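S.K.: Once you've had a glance at the structure underneath, I'll fire off some questions.
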Amino acid sequence: MCTALTLQTQDGYNLFGRNMDIEFSFSQSILLIPRNFNYTDNITGKTQKSKYAIIGMGTLLGTYPALADGLNEKGLACAGLNFPGYVHYEENVLEDKINLAPYDVIFWILNNFDSIEALKKELPHINIVKKPFNESTPLPTLHWIVVDKKGACIVIEKTKEKLSIYDNAIGVLSNAPTFDWHMTNLRQYINVDPHQPIATSWNNQELAPLGQGLGSFGLPGDFSTVSRFVRIAFLKSKIGNPINELNGISEFFHMLNNVSMVTGSVITPQEKNDITLYTSCMSQQKGVYYYTTYNNSRINAIDMNKEDLDGDQVKVFPYLDTQDINYQN
């Protein structure tokens, strides 16, 4: 359960981020992966060196950075969202392919590419393999949204039928079913409008709207993946382009708050609360990672360009999850 969003401002900034909706913590922290970080390829076992510096939310599995979302120094950003019931990973490694485990995909993309154009040339050559990181780490069921700093955006989905690469002009994503299904479903909501309907008459009885907001009657308000996709797509289409980056960051968090989950709103079959664990927003031009958490609504920010991007060790920033209140007296 997650929702991802892209947003462009009038002064040329591109923002990307997501709600992480989940019923458990995964020991998440903000990770800064420098250019000279040496890592072990989990499929081949070979040691490799990073190409681009990356900042994102994730967890260290040993010394390996497993990313949930992130941004590289070139402004390319990516997030993995849950895709249960549709995802299909291959059983076997193929010698003529780029073999990746699902938890490798974000790191591979951000480590190697600076644009959607460059990434699209290599995506047909990947083979996503059903290989857990270890016995205690479950295999994630994911599809991915990727966007560059020019606003070009795609969705990557691996189903039993094929590897699909969709151009994503609408710039949002939620969970299953497939992206093309979600896009077709949007056609059911073209009547939804932010404007107030005018009064009308039925059998000489005048009927006027009961307050503001009636134009959006029919916009789904539940927390299902289909409804969240429709709602965030509607909000993005109507908000326009915020005047500047600061205003855009504010609007970005407002929009994702509109599809966020609170304790008690979604309960899993295991009686766990599915909540919005954190919300991220990345400034793709500036290389800044903003985030809020379920327990701390204050926006925290980490600027990757204030760090040593030529280092060789992953830097872990603490995940600030205690409410930080600014007392004014």
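Position one of the sequence shown corresponds to residue 1 (UniProt numbering), numbered consecutively onward.
No residue lacks a Cβ here, since even glycine has one placed at the ideal position from N, Cα and C.
The model shown is predicted, which means the values in this text are computed figures rather than measured ones.
Is the number of C-beta pairs between the segment 316 to 324 and the segment 27 to 36 that are closer than 8 Å three or more?
M.R.: Judged by Cβ distances under 8 Å, the segment 316 to 324 makes contact with the segment 27 to 36, as three or more pairs qualify.
S.K.: In the structure shown, what three-state DSSP assignment does residue 208 receive?
M.R.: Residue 208 falls in the coil class under three-state DSSP.
S.K.: Excluding sequence positions up to five away, which residues of its chain have a Cβ less than 8 Å from the Cβ of residue 153?
M.R.: Taken in chain order, the residues that qualify are 6, 116, 145, 146, 147, 167, 168, 169 and 171.
S.K.: Assess, as a yes-or-no matter, whether the segment 98 to 108 is touched by the segment 56 to 76 under the definition of 3 or more beta carbon pairs within less than 8 Å.
M.R.: Yes, the segment 56 to 76 touches the segment 98 to 108.
S.K.: Classify residue 223 as buried or exposed, calling it buried when 16 or more other Cβ atoms lie within 10 Å of its own Cβ.
M.R.: Classification for residue 223: buried.
S.K.: Run through DSSP, which three-state label would residue 305 get?
M.R.: Residue 305 falls in the helix class under three-state DSSP.
S.K.: Comparing C-alpha positions only, which one of 79, 53, 136 and 61 sits nearest to residue 20?
M.R.: Among 79, 53, 136 and 61, the Cα nearest to that of residue 20 belongs to 79.
S.K.: Hey, residue 289 and residue 299: beta-carbon distance below 8 Å or not?
M.R.: Going by C-beta atoms, residue 289 is not nearer than 8 Å to residue 299.
S.K.: The alpha helix (DSSP H) spanning residue 180 covers which residue range?
M.R.: Residue 180 -> alpha helix (DSSP H) spans 179 to 185.
S.K.: Going by the CB atoms, is the gap between residue 311 and residue 34 shorter than 8 Å?
M.R.: Against a cut-off of 8 Å, the Cβ pair of residue 311 and residue 34 comes out as a contact.
S.K.: At a cut of 8 Å, does the segment 114 to 134 reach the segment 89 to 98 through at least three beta carbon pairs?
M.R.: Because the criterion of three Cβ pairs below 8 Å is met, the segment 114 to 134 and the segment 89 to 98 touch.
S.K.: Closest to residue 282 by C-alpha separation, out of 40, 11, 58 and 75, would be which residue?
M.R.: Taking only the C-alpha atoms, the option nearest residue 282 is 75.
S.K.: Would you kindly check if the distance between the Cβ of residue 177 and the Cβ of residue 89 is under 8 Å?
M.R.: Contact: no.
S.K.: Compute the distance between the beta-carbons of residue 1 and residue 257, then report whether it is under 8 Å.
M.R.: The answer is no: Cβ separation not under 8 Å.
S.K.: Cα-Cα, which of 50, 165 and 245 is closest to residue 37?
M.R.: Measuring from the Cα of residue 37, the nearest candidate turns out to be 50.
S.K.: Taking 8 Å as the threshold (C-beta atoms), are residue 133 and residue 15 in contact?
M.R.: Not in contact: residue 15 and residue 133 (Cβ atoms no closer than 8 Å).
S.K.: Rank 54, 23 and 10 by C-alpha distance to the C-alpha of residue 302 and give the top, closest one.
M.R.: Nearest of 54, 23 and 10 to residue 302, Cα basis: 54.
S.K.: Quick one: which unbroken beta strand (DSSP E) runs of 3-plus residues sit fully inside the segment 212 to 283? Chain order, please.
M.R.: Runs of the beta strand (DSSP E) inside the segment 212 to 283: 275 to 283.
S.K.: Using 8 Å as the Cβ pair cut-off and three pairs as the minimum, do the segment 203 to 211 and the segment 255 to 270 touch?
M.R.: Short answer: they don't touch.
S.K.: Give the single residue among 58, 111 and 247 whose Cα lies nearest to the Cα of residue 309.
M.R.: The shortest Cα separation from residue 309 among 58, 111 and 247 belongs to 111.
S.K.: Could you round the C-beta distance between residue 25 and residue 207 to whole angstroms and report it? I think they count as a contact, below 8 Å.
M.R.: Their Cβ separation, rounded to whole angstroms, is 50 Å, which puts residue 25 and residue 207 out of contact at 8 Å.
S.K.: Confirm, please, whether the CB-CB distance from residue 263 to residue 296 is below 8 Å.
M.R.: Their beta carbons are not under 8 Å apart, which means residue 296 does not touch residue 263 by this criterion.
S.K.: Do you know offhand how far residue 212's Cα is from residue 52's?
M.R.: So the alpha carbons of these two residues sit roughly 49 Å apart.
S.K.: Under three-state DSSP, which class holds residue 7?
M.R.: Strand at residue 7.
S.K.: With 16 as the cutoff for other CB atoms within 10 Å, does residue 187 come out buried or exposed?
M.R.: So residue 187 counts as exposed.
S.K.: Answer with buried or exposed for residue 113, where buried requires no fewer than 16 other C-beta atoms within 10 angstroms of its C-beta.
M.R.: Buried: at least 16 other Cβ atoms inside 10 Å.
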